[in-house]
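*Asks:* Per UniProt numbering, the very first residue in the sequence shown carries number 1; after that it's consecutive. Every residue gets a Cβ at the ideal spot worked out from N, C-alpha and C, and that includes glycine.
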Amino acid sequence: MVGSHHVGMLQLHGPLWARSEGLRCGEISFDSPDQNVKCVRMLDTTYSGEIGTKKKVKRLLSFQRYFHASRLLRGIVPQASLHLLDEDYLGQARHMLSKVGMWNFDIFLFDRLTNGNSLVTLLCHLFNSHGLIHHFHLDMVKLHQFLVLVQEDYHSQNPYHNAVHAADVTQAMHCYLKEPKLASVLTPMDIMLGLLAAAAHDVDHPGVNQPFLIKTKHHLASLYQNVSVLENHHWRSTIGMLRESRLLAHLPKEVTQDIEQQLGALILATDINRQNEFLSRLKAHLHNHDLRLEDSEHKHFMLQIALKCADICNPCRIWDMSKQWSERVCEEFYRQGDLERTFELEISPLCNQQKDTIPSIQIGFMTYIVEPLFEEWAHFTGDSPLSENMLCHLRKNKAKWRGLLHKQHSKSSDHSGQMTDTDGNPSQTSKEGEVP
Ligand SMILES: [Zn+2]
1 MVGSHHVGML QLHGPLWARS EGLRCGEISF DSPDQNVKCV RMLDTTYSGE
51 IGTKKKVKRL LSFQRYFHAS RLLRGIVPQA SLHLLDEDYL GQARHMLSKV
101 GMWNFDIFLF DRLTNGNSLV TLLCHLFNSH GLIHHFHLDM VKLHQFLVLV
151 QEDYHSQNPY HNAVHAADVT QAMHCYLKEP KLASVLTPMD IMLGLLAAAA
201 HDVDHPGVNQ PFLIKTKHHL ASLYQNVSVL ENHHWRSTIG MLRESRLLAH
251 LPKEVTQDIE QQLGALILAT DINRQNEFLS RLKAHLHNHD LRLEDSEHKH
301 FMLQIALKCA DICNPCRIWD MSKQWSERVC EEFYRQGDLE RTFELEISPL
351 CNQQKDTIPS IQIGFMTYIV EPLFEEWAHF TGDSPLSENM LCHLRKNKAK
401 WRGLLHKQHS KSSDHSGQMT DTDGNPSQTS KEGEVP
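1. Suppose contacts are defined by Cβ-Cβ distances below 8 Å. Is histidine 155 in contact with glycine 207 by that definition?
2. Buried or exposed: cysteine 39, going by 16 or more other Cβ atoms within 10 Å of its Cβ?
3. Can you list, in chain order, the residues of its chain with a C-beta nearer than 6 Å to that of alanine 172? Leave out the 5 residues immediately preceding and following it.
4. Please tell me whether, using a cut-off of 7 Å, the distance from the CB of valine 169 to the nearest non-hydrogen atom of ligand 1 is below it.
5. When you compare only the Cα positions, how much space is there between valine 229 and lysine 283?
6. Around the C-beta of glutamine 225, are 16 or more other C-beta atoms found within 10 angstroms, so that it is buried, or is it exposed?
7. Of all the alpha helix (DSSP H) runs that stay within the bounds of the stretch 104-129, which reach a length of 4 or more residues?
8. Sort Glu376, Gln353, Thr357 by Cα distance to lysine 407 and report the nearest one.
9. Using the Cα positions of glutamine 79 and methionine 192, report the straight-line distance between them to the nearest angstrom.
10. Please state the DSSP three-state secondary structure of asparagine 209.
11. Taking buried to mean at least 16 other C-beta atoms within 10 Å of its own C-beta, is glutamine 276 buried or exposed?
12. What is the chain-ordered set of residues for which the beta carbon lies under 5 Å from any non-hydrogen atom of ligand 3?
13. Would you tell me roughly how many angstroms separate the C-alpha atoms of serine 129 and glutamine 354, rounded to the nearest one?
14. Can we say the stretch 106-117 touches the stretch 195-210, given the rule of at least three CB pairs closer than 8 Å?
15. Taking Cβ positions, are leucine 195 and methionine 302 nearer each other than 8 Å?
16. If you follow the alpha helix (DSSP H) that isoleucine 191 is in, where does it begin and where does it stop?
17. Throw me the rounded Cβ distance for the glutamate 376 and leucine 394 pair, which I believe falls under 8 Å.
18. Can you say whether glutamate 297 is buried or exposed, counting buried as having 16 or more other CB atoms within 10 angstroms of its CB?
Written out as structure tokens, the structure is:
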């Protein structure tokens, strides 16, 4: 743990920020005054209007970054926001970071305190506190630029799959990496891979699912031949940004190639369609007592499991946060359903607001996806305090959703004398536990 790596603090605001689309996060810390010069130079080269064809081609796969690039080409610069931040907010955000390993960390509050820069701020902090900047001789400016690219590639208009979800998953991943069972075998490389994969695992998510991309013949679906379409895109986008930022360019080629492959293995593991494959293998290992974490293949399998847990840990958070995430993910489903209705496509499972209520979606998700995975995770961690805490929240939250579901049922049966949904159709919510 390297907590005192910062030597100097520099805050950038004013015209410099106004010119830079990328760097609008809180602060950057520098090891030497020379790097201040480097920072300005890098900003100049990056944003000197040279965002031309080469860059556009590089970014072609991205929905959002292409838009940013064209916006810059048209001379429209985003509003500089950093200098509007109250010093108080930054102080509070800094205070929150001192408790970043707590399970009740409030990522929504942290995002507000950092003015929407939770992902960049969190990752800068974690890279520093895990000693990764020192260990890998990373350039703080390049790290910051890479993280800004990642954060900006998330779609802030998505209710769920946005940069706050990525920050939330990264914070959970940080907690899991500290589990004694895992922490004792992890190298700095494993920690860096875990954090990078968590931060970028949903980058450029369009807010619709794979079946939607397939049925609308989206170019990504044909590019990845209908297999883990989104996850492949998240991974390839991450690689593109890593190369563009040159964050790891000083490392030997075989090392960067290995990092790119490992990131792929981690991000692709978050495909929910592969849940059974991972769960069965985990169960078999735990049942046979044959997990050998000193074996790098087994260790990376557990990193994949940790990331999968982090990705779906919302129901294991305290009720207030868990509920917010549930509402957000359902809102995203319903928006897809509305799109499908507009284009006269078949409405996907869970995407019909009239039939698929939030409590029923959540109970199904918890029963069939979250509980089985977290029970095995608890088994792996040896029922650690964190695992116990998460399972306790999971049980309490499920009971709350059940209570809300019964309320809905009795409300609708009060109105019509039978179990109906809001549309007056026989209730779908009685199919409690439907697999999402
Ligand atoms: Zn995710």
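*Replies:* Walking through what the data contain:
1. Cβ distance < 8 Å, so histidine 155 and glycine 207 count as in contact.
2. Residue placement at cysteine 39 is flagged as unreliable, the pLDDT there being 34, under the threshold of 50; the coordinate-derived value follows with that caveat. Cysteine 39 is buried by the Cβ-count criterion.
3. Ala310, Cys313
4. yes
5. C-alpha separation (whole angstroms): 27 Å.
6. exposed
7. Taking 4 residues as the minimum length, the alpha helix (DSSP H) runs contained wholly in the stretch 104-129 are 107-113, 118-129, in order along the chain.
8. Thr357
9. Confidence in glutamine 79 is poor, its pLDDT being 45 and thus under 50, which makes the residue's placement too unreliable to answer from.
10. Coil at asparagine 209, not helix or strand.
11. In the sequence on display, residue 276 carries asparagine and not glutamine. Asparagine 276 is exposed by the Cβ-count criterion.
12. Because ligand 3 does not appear in the structure shown, any question about it cannot be addressed here, the ligands present being ligand 1.
13. 47 Å
14. The stretch 106-117 is not in contact with the stretch 195-210.
15. In this structure, methionine 302 does not lie closer than 8 Å to leucine 195 by Cβ.
16. Where isoleucine 191 is concerned, the enclosing alpha helix (DSSP H) stretches over 188-200.
17. 13 Å between Cβ atoms; not a contact.
18. exposed
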